[in-house]
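Peer 1:
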């Protein structure tokens, strides 16, 4: 079993829809959780970073962490065609290396 | 603007040849990392360096080598010992020694011909 599981998609939604992206993990020692967005043939860019269970909001994006269920989510409200990209979850602990999910490809259709 | 510059964007390697991928950052970040990205496998850590003149192997270091002679530079050499080098290579950096909040470069696509 992989430490981090992420559905690869692709996920296609109409413009304006609410998107839910999810990851599960098995290592209860993970302390911090991140979401990266990666456009085709580009490097990932950090979208959200959270350190504890609960919600964190930034504009149209909300990151949610449930440590008891070992489950993290990224919600995108009012999705736009420019949100079409691959979304990577990532998690780590202390100064140890980060473990990435395989990424979910999202397509927002105008 | 501060950031990470990777070059070249595309690189072609013949069998048995060594190639070097360049990574330069002007963010004054302490730590630098090399990842390999393959379809369906996510990002895998090759090497990382937290200070100048020091670096550690990641999960898939075999067939690769690095150097860190300057804070801003962390080149990666893909040697002929790497049997399956075709992949997208990403360089990243972080401020301090923490592993979260990477800044990534735009990547180098390496293809064996």
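Chains as they are written, first to last, in my numbering: chain A, 1 to 110; chain B, 1001 to 1113.
Every residue gets a Cβ at the ideal spot worked out from N, C-alpha and C, and that includes glycine.
1) For a test of the three-state rule: what should DSSP assign to residue 83 of chain A, helix, strand or coil?
2) According to DSSP, which residues form a beta bridge with residue 65 of chain A?
3) Taking the alpha-carbon of residue 1015 of chain B as reference, which of B:1038, B:1081 and B:1041 has the nearest alpha-carbon?
4) What residues in the stretch 36-50 of chain A have a beta carbon less than 9 Å from any beta carbon of chain B?
5) Have a look at residue 79 of chain A and residue 1079 of chain B and give me their C-alpha separation to the nearest angstrom.
6) Since residue 92 of chain A contacts residue 49 of chain A with CB under 8 Å, what's their CB separation in whole angstroms?
7) Taking 7 Å as the CB-CB cut-off, is residue 1106 of chain B touching chain A?
8) Span of the beta strand (DSSP E) holding residue 1042 of chain B?
9) Have a look at residue 84 of chain A and residue 107 of chain A and give me their C-alpha separation to the nearest angstrom.
10) Tell me which same chain residues have a C-beta within less than 6 Å of the C-beta of residue 5 of chain A, skipping the five on either side of it?
11) Should residue 24 of chain A be flagged as near chain B, meaning a C-beta pair shorter than 7 Å?
12) Specify whether the stretch 36-54 of chain A and the stretch 1021-1029 of chain B touch according to this definition: at least 3 beta carbon pairs, one from each stretch, less than 8 Å apart.
13) Of the choices B:1106, B:1042, B:1096 and B:1017, whose alpha-carbon is the least far from that of residue 1071 of chain B?
14) In whole angstroms, give me the CA-to-CA distance for residue 1110 of chain B and residue 105 of chain A.
Peer 2: On the basis of the data shown:
1) helix
2) A:54 and A:72
3) B:1081
4) 36, 38, 41, 42, 43, 44, 45, 46 and 49
5) 43 Å
6) Between residue 49 of chain A and residue 92 of chain A the Cβ distance is about 11 Å, and since that is not below 8 Å, they are no contact.
7) yes
8) 1042-1051
9) 5 Å
10) 24
11) Chain B, which has no Cβ nearer than 7 Å to the Cβ of residue 24 of chain A, makes this no.
12) no
13) B:1096
14) 22 Å
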